[in-house]
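First residue of the sequence shown? That's 8 in my numbering, and the numbers climb one at a time after it. Yeah, the Cβ is synthetic: ideal placement off N, Cα and C, and Gly gets one too. If you're wondering where the values come from, they're calculated on a predicted model, not measured in any experiment. Report on one structure; see the data block that follows.
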Amino acid sequence: MATPSEIPDSVELKKLSPGSQIDVETKSRHYHIECLGGNAVRIHGHPEYCPMPVVAQFQGSIDNQGGVDAGLIERGMRLRFFILGEFPVTTSAVMDYHVECPC
8 MATPSEIPDS VELKKLSPGS QIDVETKSRH YHIECLGGNA VRIHGHPEYC
58 PMPVVAQFQG SIDNQGGVDA GLIERGMRLR FFILGEFPVT TSAVMDYHVE
108 CPC
């Protein structure tokens, strides 16, 4: 069993296999992300923008100054993704995440 210090604070999407599933808990919502390859994802969890799974382009984690860690999901930072390639969505801060890779 991993101790809290052994659990990574971030995960890089491009290192995950297509079909990998990520459950992300933010301060205000719970998102489910399916990796499609590269920065393409299928995501749902926001009642207005993606109540049902939608294809989106994942940008990365955003800090309080607007800086982007491209392609990363990081605890304590907000996520940004683009629905339909142009509509930006920024989440509240990531509290936790869990990754499941396909067999």
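Where residue i falls, given that 16 or more other Cβ within 10 Å makes a residue buried
| i | result |
| --- | --- |
| Cys57 | buried |
Where residue i falls: helix, strand or coil (DSSP)
| i | result |
| --- | --- |
| Leu20 | helix |
| Ser27 | coil |
| Gly83 | coil |
| Leu91 | coil |
| Ser68 | strand |
Extent of the continuous beta strand (DSSP E) run through residue i
| i | result |
| --- | --- |
| Met102 | 94-107 |
| Asp76 | 75-77 |
| Arg49 | 47-51 |
| Glu55 | Here Glu55 belongs to no beta strand (DSSP E), and DSSP marks it neither H nor E. |
Residue i and residue j closer than 8 Å at C-beta
| i | j | result |
| --- | --- | --- |
| Gly26 | Pro109 | yes |
| Arg85 | Ser68 | yes |
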